[in-house]
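Asks:
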Amino acid sequence: MLTLVTSDRFADHLNPPGHPECVERAEVMQVVASEFRRHGGVVIEPRQATWDELARVHDRDYIGLVRETAGRAVALDPDTFTSPETYDVALLSAGAAVSAVDHVLDGKQGTRALVLSRPPGHHAGRSRAMGFCLFNNVAIAAAHARARGLGRVAIVDYDVHHGNGTQAVFYEDPSVLFISSHQFPYYPGTGAAGEIGTGAGAGFTVNFPIEAGATDADYERVYVAATAVLKQFAPDLVLISAGFDAHADDPLGGMRVTTSQFGRLTGMIAGVADACCEGRLVAITEGGYDLAALAGSLRIVAGVLDGSIACAALPVPQGPSPRGDASVAAARAHLASFWTI
C-alpha cells in the first residue's frame, strides 16, 4: 500500500526569478497528488520536523542560522536562497520525510510512502546550505529511523547530482548504507568511486560515478549491481533520494534516462525492500527541473510503488552499456573486499 505525503505549503518557498528549483515544481507535485487521491489513493499532510529531529543531522547553530532567515529573503549559498516562508516550509519538508518514516514503520506489512516535497535536501551538510538544499530530508529520515530502533537503514540516491551532504553525514556510520549513482565529473564534484567511507563506515558508502550521456541501458547495468549490494546489506528500511534530473529532457543534467527507466529503477529497489524488510520503503523527492519530465516520472514511480504499474511490464533497456560497465568496474575496484558486485 502506497501513501503520498505532501502539502500545498511547499509552494510557499520562493526562489529568485529564473531559478530552476521553481514554485511550479510544487504545483506539479500537487497535480500528481490530486490525481492519486482521485483514483482512491491516500494522501496525508505532514508535520514540521522538530529541532531535536533536525539536530540528529545538523548542527544546532546552523539550524538557528536558517531560523534567522524567517520573514526575509537571504542568499545562503550562491544558488540557495530563502524567502519569507522558507524556514517554515523547510521544516515541513524535513518533517514530511519523518512523517513518512513513521507512517511506514507503524503501518502494515508492505507499507510504502512517497514524499512530494521541496526544498530538496541531499546537498545540505551538517552546517551548510548548498545546491538548493537547506535541511537534508533523507538523512533526517534515516536518523529518525535509527532513533526508532532500526538497526540498518539504506539510502539509494539516483539524482543526477551526487548527494554529498548525505554521504558526509553517514561517512563513518556502518548502520546506514549510502548508494549513489550520479553524473561524474559534475556538480558538486564529489562521488568518486574511491569514496567508500572511513573507519567503521568503510565500505558503507557505495558510489557509481557515471559519464555524461548515459542511457537507460547504462542505468540498468548500474542498478543490477547497486541492488545486489543493497540486498547483501539486508536493510530494515529502504529510503530513496528520488531525483529525476538524469532525465533526457532535464535542463541541468547530461544523461539520457527515460521516464520508464525511473519506474524500473524504483521497482528494482522496491524488490529488495520486499525481500529484506517486508516492503518498507520511503521515496523522497530531490531534483528534477523539466516540469513535464518531473510529472511523468512522479506518476510512474507512484504507479510502480502502489502496484498499478508492474515493473516487469516496463521495457527492459536493450543495447550496449559502456558507461554503466565502466561505472560498475570502478565501484568494484574499490569495494570488492566489502561486497559482491
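For the sequence shown, the numbering used here gives the first residue as 29, with consecutive numbering after it. Built from N, CA and C at the ideal position, the CB exists for glycine as well. Being a predicted model, the structure only gives us computed values, none of them experimental.
(1) Considering only the beta carbon of each residue, do residue 245 and residue 348 sit closer than 9 Å?
(2) By DSSP's criteria, residue 211 is part of a beta bridge. Which residues make up the other side?
(3) Give the single residue among 218, 176 and 337 whose Cα lies nearest to the Cα of residue 194.
(4) Quick one: is residue 368 buried, meaning 16 or more other Cβ sit within 10 Å of its Cβ, or exposed?
(5) Three-state secondary structure (DSSP) at residue 37?
(6) Are the CB atoms of residue 77 and residue 58 within a distance shorter than 9 Å?
(7) Distance check for residue 235 and residue 190, CA to CA, integer angstroms please.
(8) Taking the beta carbon of residue 166 as the centre, do at least 16 other beta carbons fall within 10 Å, making it buried, or is it exposed?
(9) Report the rounded CA-to-CA distance for residue 64 versus residue 333, giving the unit in angstroms.
(10) Between the alpha carbons of residue 346 and residue 241, how many angstroms are there, rounded?
(11) Name the two residues that bound the continuous beta strand (DSSP E) containing residue 270.
(12) So what does residue 161 bridge to, in DSSP terms?
(13) Are residue 280 and residue 106 close, meaning C-beta to C-beta below 9 Å?
(14) Starting from residue 185, trace the beta strand (DSSP E) in both directions and tell me its first and last residue.
(15) For residue 41 versus residue 113, is the C-beta distance shorter than 9 Å?
(16) Relative to the alpha-carbon of residue 317, which residue among 335, 306, 337 and 277 has its alpha-carbon at the smallest distance?
(17) Can you tell which of 311, 304 and 303 has its C-alpha closest to the C-alpha of residue 291?
(18) The beta strand (DSSP E) that contains residue 109, what's its start and end?
(19) Give the single residue among 358, 343 and 214 whose Cα lies nearest to the Cα of residue 350.
(20) What does DSSP give as the partner residues of residue 142 in its beta bridges?
(21) If I follow the unbroken beta strand (DSSP E) through residue 104, where does it start and stop?
(22) Would you give the residue range spanned by the alpha helix (DSSP H) that residue 285 belongs to?
Replies: With the given structure in hand:
(1) yes
(2) 238
(3) 218
(4) exposed
(5) helix
(6) no
(7) 9 Å
(8) buried
(9) 12 Å
(10) 16 Å
(11) 265-270
(12) 158
(13) no
(14) 181-185
(15) yes
(16) 277
(17) 311
(18) 108-110
(19) 358
(20) 32 and 311
(21) 102-105
(22) Per DSSP, residue 285 belongs to no alpha helix (DSSP H) and is neither H nor E.
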